[in-house]
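Peer 1: Chains as they are written, first to last, in the numbering used here: chain U, 35 to 199; chain F, 134 to 252.
Every residue gets a Cβ at the ideal spot worked out from N, C-alpha and C, and that includes glycine.
As the structure is a computational prediction, the values presented were derived from the model and not from experiment.
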Amino acid sequence: MNQGRGLTLTTPTEREIAMTRVFDAPRRLVFDAMTRPELVKRWLLGPPGWSMPVCEIDLRVGGTYRYVWRGADGTEMGMRGVYREIAPPERLVATESFDESWYPGKAQVTTALVERDGRTTVTITVLYESREARDTALASNMEKGVAASYDRLEEILAAPVPRKP
Amino acid sequence: MTPDQLDATFAALADPTRRAILARLAAGEASVTELAEPFAMTQPAISKHLKVLERAGLISRSRDAQRRPRRLEARPLAEATAWLVAYRRFWEGSFRRLDALLDELKAMERKQKPGRAKR
């Protein structure tokens with residue numbers, strides 16, 4: 035149990051990636067922060083220098099959301115989706131599709147909030163259309179947050195391989 | 134890098150044998166025979182993997198030598214990696230901001246309901 039507030043990434047099934055993070059707040063506040071546009075805009079910004087010029091949320095089953103981010107260098111990244119299930123403050127299910135998709139097909143994102151002693155464990159599970167799509171998203175050790183340095187190439191690529199006996 | 138190129142790179146990387154081939158080539162160029170050697174695989178099977186890597190622009194072959202050694206093309210890999218680093222950084226950076234926002238929301242609640250704080 036040495037994970038503190040760190041981000042944990044796992045692969046519960048062959049079509050899923052799950053991300054877990056603990057927040058020091060009751061889950062109704064976390065749920066609000068994740069579903070009210072004026073709050074979402076304040077944190078879902080990525081690294082310093084990024085902004086979120088578009089954040090529209092129609093929080094009802096069948097309602098849509100639309101996010102656009104802008105990087106310090108002007109790069110824009112947009113995504114949209116439809117809410118499938120809304121159960122405040124414990125569960126949210128929505129589809130997700132990026133404007134410039136980096137994996138095949140759409141994904142479904144389930145956000146589960148579990149509160150204990152005033153702290154909330156948030157698990158975001160992304161279900162891809164196929165194992166290939168999931169692996170595409172996962173390829174190259176996403177969990178390790180690999181650095182874009184040639185020196186570390188061997189580390190990045192290290193993986194169990196079939197060896198000759 | 135276009136999304137298509139990124140797709141090709143990631144698809145090529147989503148296989149342990151191909152990652153091992155790239156790891157081997159990171160140490161220096163090698164012929165198909167040399168690349169097939171450590172694997173329990175036939176040469177045609179290895180050649181198939183090499184084709185995928187080549188299409189993704191991750192490796193190239195030297196023209197001159199008779200054994201046509203393959204070598205690593207690091208640029209697409211570095212770009213794909215940079216993308217993944219950005220993805221993780223995006224969430225880590227965002228969640229740190231969410232921590233701060235939640236602290237603020239908790240403080241506001243305490244102010245609004247004096248004497249009703251639970252803990």
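Rounding to the nearest angstrom, what Cα-Cα distance links R54 of chain U and R157 of chain F in this structure?
Peer 2: Reading off the sequence shown, one finds Thr at residue 54 of chain U, where the question assumed Arg. Taking the straight line from one Cα to the other gives about 34 Å.
Peer 1: What residue range is occupied by the uninterrupted alpha helix (DSSP H) comprising F65 of chain U?
Peer 2: Per DSSP, F65 of chain U belongs to the alpha helix (DSSP H) from 61-69.
Peer 1: Could you give the DSSP three-state label for L205 of chain F: helix, strand or coil?
Peer 2: The answer is strand: DSSP assigns L205 of chain F an E or B state.
Peer 1: Please check if any C-beta of chain U sits within less than 8 Å of the C-beta of G161 of chain F.
Peer 2: No - not a single Cβ of chain U is within 8 Å of the one on G161 of chain F.
Peer 1: Return yes when the Cβ of Q142 of chain U is within less than 8 Å of the Cβ of L126 of chain U, no when it is not.
Peer 2: It is not a contact, given that the beta carbons lie outside the stated cut-off.
Peer 1: Compile a chain-ordered list of the residues in the segment 47-80 of chain U whose CB is closer than 9 Å to at least one CB of chain F.
Peer 2: Of all residues in the segment 47-80 of chain U, M53, R55, F57, D58, A59, P60, L63, V64, D66, A67, M68, L73, R76, W77, L78, L79, G80 have a Cβ within less than 9 Å of some Cβ in chain F.
Peer 1: Our contact map puts S227 of chain F next to G80 of chain U with C-beta atoms below 8 Å; I'd like the distance itself, whole angstroms only.
Peer 2: Sure, about 6 Å apart at Cβ, within 8 Å.
Peer 1: So what does DSSP say about W84 of chain U, is it helix, strand or coil?
Peer 2: Coil.
Peer 1: In chain F, which residues lie less than 9 Å from L41 of chain U when you measure between Cβ atoms?
Peer 2: Correct list: R221, W224, E225, F228.
Peer 1: Do we get a CB-CB distance below 8 Å when we pair L231 of chain F with the residues of chain U?
Peer 2: Yes - at least one Cβ of chain U is within 8 Å of the one on L231 of chain F.
Peer 1: Near T155 of chain U, which residues of its chain fall below 7 Å by C-beta distance, leaving aside the five closest residues on each side in sequence?
Peer 2: Correct list, in chain order: T54, V56, V148.
Peer 1: Output the boundary residues of the alpha helix (DSSP H) element that contains S193 of chain F.
Peer 2: Not the alpha helix (DSSP H): S193 of chain F falls in the beta strand (DSSP E), residues 192-194.
Peer 1: May I ask which residues mark the beginning and end of the alpha helix (DSSP H) holding T45 of chain U?
Peer 2: First-last for T45 of chain U: undefined, no H or E at that position.
Peer 1: So, are the CB atoms of A106 of chain U and W77 of chain U less than 8 Å apart?
Peer 2: No, these two residues do not count as a Cβ contact at 8 Å.
Peer 1: When the cut-off is 8 Å and only beta carbons count, does L235 of chain F lie next to chain U?
Peer 2: So, interface residue.
Peer 1: Can you look up G40 of chain U in the DSSP assignment and give me helix, strand or coil?
Peer 2: Coil.
Peer 1: Mind checking the segment 79-97 of chain U against chain F and listing, in chain order, the residues whose C-beta falls within less than 8 Å of any C-beta there?
Peer 2: Under the 8 Å Cβ criterion, the segment 79-97 of chain U contributes L79, G80, P81, P82, W84.
Peer 1: Quick one: is T45 of chain U buried, meaning 16 or more other Cβ sit within 10 Å of its Cβ, or exposed?
Peer 2: Burial call: exposed.
Peer 1: Just the Cα atoms here: how many angstroms apart are G96 of chain U and V116 of chain U?
Peer 2: So the two alpha carbons sit approximately 6 Å from each other.
Peer 1: Please classify E162 of chain F as buried or exposed, where buried requires at least 16 neighbouring CB atoms within 10 angstroms.
Peer 2: It counts as buried.
Peer 1: Could you tell me the boundaries of the beta strand (DSSP E) in which A128 of chain U lies?
Peer 2: It spans 125-132 - the beta strand (DSSP E) in which A128 of chain U sits, taken as one unbroken run.
Peer 1: Round the Cβ separation of L41 of chain U and W224 of chain F to the nearest angstrom and send it over; I've been treating them as touching at under 8 Å.
Peer 2: Contact flag correct, Cβ pair sits at about 6 Å.
Peer 1: So, is the C-beta of K246 of chain F closer than 8 Å to a C-beta in chain U?
Peer 2: Cβ-Cβ to chain U under 8 Å: no for K246 of chain F.
Peer 1: If you reduce the DSSP assignment to three classes, tell me which class Q245 of chain F lands in.
Peer 2: Three-state DSSP puts Q245 of chain F in a helix.
Peer 1: Cα separation between R118 of chain U and M174 of chain F?
Peer 2: Answer to the nearest angstrom: the Cα atoms are 46 Å apart.
Peer 1: Listing by chain order, which chain U residues have their CB less than 7 Å from the CB of K239 of chain F?
Peer 2: Chain U residues near K239 of chain F: A59, L63.
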